[in-house]
Structure formats: structure tokens, C-alpha cells
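K.L.:
Taking UniProt numbering, the leading residue of the sequence shown gets 1, the next gets one more, and so forth.
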Amino acid sequence: MSKLCVLQLAPDDVCFTVLDDRMPIVWAELSRDHFFNEYLIFGMSEEQNRILLEFDALMLAKSLVSLKASAKSVKIKLTNKQQPCLTLEIELLSLITDWQCVHDVPIRIIHRREWAAYQAPNIPDFDITIELPPLKHIRNVVEKMKNMSPYLTIVANNDGAFILKIDTDSASVATHYRDLQVWKKIETNADEVFATVDIRRLLNIHTWDAVHPDSVKCNILHERIVYLYFKLNDSINIHYFVPAVAI
């Protein structure tokens with residue numbers, strides 16, 4: 001997955017987007033009221049009241065490590081310090097006195113002519129939607145399978161079966177999960193739907209278990225795409241798109 005991330009700031013929403021081949025593969029929506037006590041944004045005009053900026057996701061993550069040390073408050077500002085920056089002013093508590101830690105993350109302001117590439121992706125009409133088993137179980141299985149094959153086939157049916165399968169020259173290996181909640185059933189005569197994906201892309205989801213999502217739904221468009229939807233209360237929604245590959 002790209003190390004570059006795009007932050008979209010609008011009066012009513014905050015979105016993080018990761019692109020691959022100029023197409024969104026991750027779209028994360030954060031509740032403005034849940035994460036910010038104060039939130040002010042001023043775009044170019046009332047009609048174009050939006051700011052898009054690109055930054056190194058790893059650099060921002062390292063800057064936020066200070067939050068683990070009992071941060072009292074965090075202020076995030078768009079600044080110009082020889083170059084555009086996302087400045088984080090983190091007020092930390094100590095036994096003696098409060099002190100402040102400041103991080104400047106270099107950014108690239110995205111011009112309006114590029115905005116179209118960062119619009120919310122169109123969600124197609126999927127063949128099936130099924131609840132995923134716990135992510136840590138999937139992670140353990142996929143970690144083992146990746147040593148045997150670069151591709152993984154994801155299968156689901158109307159009975160609540162969910163299968164992770166790989167095929168090699170010497171063997172076929174599959175892990176079966178049963179009796180999962182099916183939110184949308186297959187409406188054709190097909191017994192099941194499936195999509196084969198690059199197994200490395202599925203491994204990217206293992207860290208998201210750290211946010212403890214309330215639910216993760218897997219949507220499959222037969223032999224075309226897998227779309228995972230993570231929901232955490234009403235504060236975070238994450239959309240992850242994994243295109244199918246032909247092998």
C-alpha cells in the first residue's frame with residue numbers, strides 16, 4: 001500500500017484516502033464532532049470550501065506517538081514554514097508542569113484540478129455481503145498462506161459460509177468459517193461467489209484490528225472486487241477495496 005495519504009478537510013467531514021494507480025483503495029471517514037472540540041476550515045470559496053493535502057503517512061504516525069504519553073490536548077493546523085506543513089501542537093502533562101511538543105509534517109496542497117481523483121469511490125451493487133469472522137483469526141490464516149501462494153481466493157455463499165483458499169502445484173489449502181451473518185444474499189442461480197486477490201493486499205487489514213471495529217462486512221462482486229467495510233461506533237467508517245486478479 002502507498003505510504004502517501006491524502007487528508008480531505010471539509011466543513012462537515014474529515015476523510016483519509018489512499019490511492020493505488022490513481023484509484024482510491026482506502027477511504028476512511030472520521031466523525032468531526034467525535035474527534036474535535038473545535039474545528040474550523042476556510043477553503044477558497046463557499047462553493048469550494050474544502051482543502052486536500054498529501055503527506056507521508058508514516059511521518060504523521062510517528063508524530064502522533066506522543067499522544068501515548070497522556071496528552072492533554074492536540075491542535076492541528078495548516079501552516080507555512082518555508083513549505084506547507086501540517087503542524088501538530090501536542091500539550092503533554094507532567095508531574096511538575098505542562099509542556100508542549102510540536103511536530104511539522106511536510107505536505108503537498110492538492111490543486112482543485114486534481115480533486116476529481118479523490119472523490120468518494122462509487123460502491124457497485126455487490127453479489128453478496130457477509131459478516132467477517134474476527135480479524136485476528138483471518139490474520140493468522142493469511143500469514144501462513146502467504147508463504148505458500150501469492151494469491152488468495154475468497155469465497156462466500158448464502159448459507160453463511162466464508163472460505164479462504166489457495167491453490168499450489170502440489171496442494172489446495174482452505175480454511176472454512178460457517179454460520180456467519182449474511183446481509184445480502186446471492187440473487188442468481190450461483191451456489192457461491194468468489195474473487196481471487198493479491199494476498200499481500202489482504203494482509204494490510206491485520207493492523208486495523210487494533211481499533212476494535214464493531215463489525216467488518218465483506219462484499220464480493222464475483223471475480224471483480226472485494227470490498228471490506230469496517231465500522232467503529234459512529235466515529236470511524238473505513239472502506240477498503242481489493243481488486244480481483246486473473247490467474
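A virtual CB, placed ideally from N, CA and C, is assigned to each residue, including glycine.
As the structure is a computational prediction, the values presented were derived from the model and not from experiment.
Which complete beta strand (DSSP E) runs does the segment 110-141 hold, if anything under 3 residues is left out?
P.N.:
DSSP runs (the beta strand (DSSP E)) wholly in the segment 110-141: 128-131.
K.L.:
Assign ASP127 to buried or exposed, taking buried as 16 or more other Cβ atoms, counted over all protein chains shown, within 10 Å of its Cβ.
P.N.:
Residue numbering aside, residue 127 sits at position 127 when the sequence shown is read from its first letter. ASP127 comes out buried.
K.L.:
In the DSSP assignment, find the beta strand (DSSP E) that holds GLU33 and state where it starts and stops.
P.N.:
Along the sequence shown, read from residue 1 onward, the residue named residue 33 stands at position 33. As written in the sequence, residue 33 is Asp, which differs from the Glu given in the question. From DSSP, ASP33 is part of no beta strand (DSSP E) but of the alpha helix (DSSP H) over 32-35.
K.L.:
So, using beta-carbon positions, are PHE241 and ILE25 closer together than 8 Å?
P.N.:
Working through the sequence shown from its first residue, we reach residue 241 at position 241. Working through the sequence shown from its first residue, we reach residue 25 at position 25. Cβ atoms of PHE241 and ILE25: closer than 8 Å.
K.L.:
Excluding the 5 residues flanking HIS103 on each side, which residues of the same chain have their C-beta closer than 6 Å to its C-beta?
P.N.:
Indexing the sequence shown from 1 puts residue 103 at position 103. Here the set comprises SER63 and LEU88.
K.L.:
Less than 8 Å between the beta carbons of PRO84 and ILE110, yes or no?
P.N.:
Taking the sequence shown and counting its residues from 1, one reaches residue 84 at position 84. Taking the sequence shown and counting its residues from 1, one reaches residue 110 at position 110. Cβ atoms of PRO84 and ILE110: not closer than 8 Å.
K.L.:
Keeping to the same chain, check which residues put their C-beta closer than 6 Å to that of LEU9; ignore five residues upstream and five downstream.
P.N.:
On the sequence shown, position 9 is the one that residue 9 refers to. So the list reads ILE41 and ILE51, once near-sequence residues are dropped.
K.L.:
Name the residue from ILE90, ARG139, HIS212 and ALA174 whose alpha carbon lies nearest to the alpha carbon of THR153.
P.N.:
As a working note, residue 153 is residue 153 in the sequence shown. Checked all of ILE90, ARG139, HIS212 and ALA174; the closest Cα to THR153 is ALA174.
K.L.:
When DSSP labels each residue in this structure, what does GLU47 get in the three-state scheme?
P.N.:
As a first step, residue 47 is located in the sequence shown; it is residue number 47 there, counting from the start. Of the three classes helix, strand and coil, the one that applies to GLU47 here is coil, per DSSP.
K.L.:
Could you give the residue range of the alpha helix (DSSP H) that holds LEU203?
P.N.:
Here residue 203 is taken as the residue at index 203 of the sequence shown, counted from 1. Here the alpha helix (DSSP H) through LEU203 covers 199-203.
K.L.:
For a test of the three-state rule: what should DSSP assign to LYS146, helix, strand or coil?
P.N.:
In the sequence shown, counting from the first residue as 1, residue 146 sits at position 146. Residue state, collapsed to three classes: coil.
K.L.:
May I have the straight-line CA-CA distance separating residue 248 from PRO150, to the nearest angstrom?
P.N.:
This structure leaves residue 248 out entirely; the chain is present only between 1 and 247.
K.L.:
Can you grab the Cα-Cα spacing for the pair SER45 / LEU58, in whole Å?
P.N.:
Here residue 45 refers to the residue found at position 45 of the sequence shown. Here residue 58 refers to the residue found at position 58 of the sequence shown. Computed Cα separation, rounded: 31 Å.
K.L.:
SER235 and LEU30 look like a contact to me (Cβ under 8 Å); what is the Cβ gap, rounded to whole Å?
P.N.:
What you label residue 235 is simply residue 235 of the sequence shown in a count that begins at 1. What you label residue 30 is simply residue 30 of the sequence shown in a count that begins at 1. With a Cβ gap of about 7 Å, SER235 and LEU30 count as contacting.
K.L.:
Closest by CA to ARG178, which one among LEU164, LYS184, GLU114 and ILE186?
P.N.:
Position 178 of the sequence shown, counted from the start, is the residue given in the question as residue 178. Closest option to ARG178, Cα to Cα, is LEU164.
K.L.:
Can you list, in chain order, the residues of its chain whose CB lies under 6 Å from that of SER215, leaving out five sequence neighbours each side?
P.N.:
As a first step, residue 215 is located in the sequence shown; it is residue number 215 there, counting from the start. Cβ within range, chain order: LYS231.
K.L.:
Are the CB atoms of LEU7 and LEU53 nearer to each other than 8 Å?
P.N.:
The residue given as residue 7 occupies position 7 in the sequence shown. The residue given as residue 53 occupies position 53 in the sequence shown. Contact flag set, yes.
K.L.:
Start and end of the beta strand (DSSP E) containing SER172?
P.N.:
Along the sequence shown, one-based indexing puts residue 172 at 172. That run of the beta strand (DSSP E) goes 172-177.
K.L.:
Report yes if the CB atom of LEU180 is closer than 8 Å to the CB atom of ILE130, and no otherwise.
P.N.:
Here residue 180 corresponds to residue number 180 of the sequence shown, with the count starting at 1. Here residue 130 corresponds to residue number 130 of the sequence shown, with the count starting at 1. Yes.
K.L.:
Smallest Cα separation from GLU223: which of ASN37, ASP12 and VAL155?
P.N.:
As a position in the sequence shown, residue 223 is number 223, starting the count at 1. GLU223 has its Cα closest to that of VAL155, out of ASN37, ASP12 and VAL155.
K.L.:
Nearest by alpha-carbon distance to ALA71: which of CYS101, LEU78 and ASP20 is it?
P.N.:
For the purposes of this step, residue 71 is identified with residue 71 of the sequence shown, where counting begins at 1. ALA71 has its Cα closest to that of CYS101, out of CYS101, LEU78 and ASP20.
K.L.:
ALA244 and THR168 - do their beta-carbons sit closer together than 8 Å?
P.N.:
Stepping through the sequence shown from its first residue, residue 168 is reached at position 168. Stepping through the sequence shown from its first residue, residue 244 is reached at position 244. No; because the gap between Cβ atoms is not below 8 Å, this pair is not in contact.
K.L.:
In whole angstroms, what separates the C-alpha of ASN147 from that of TYR229?
P.N.:
By 1-based counting over the sequence shown, the position of residue 147 is 147. By 1-based counting over the sequence shown, the position of residue 229 is 229. Taking the straight line joining both Cα atoms gives about 26 Å.
K.L.:
Since ASN237 contacts ASP191 with CB under 8 Å, what's their CB separation in whole angstroms?
P.N.:
In the sequence shown, counting from the first residue as 1, residue 237 sits at position 237. In the sequence shown, counting from the first residue as 1, residue 191 sits at position 191. That pair is no contact at about 31 Å.
K.L.:
Kindly indicate the opening and closing residues of the beta strand (DSSP E) around LYS72.
P.N.:
As a first step, residue 72 is located in the sequence shown; it is residue number 72 there, counting from the start. From DSSP, the beta strand (DSSP E) with LYS72 extends over 71-80.
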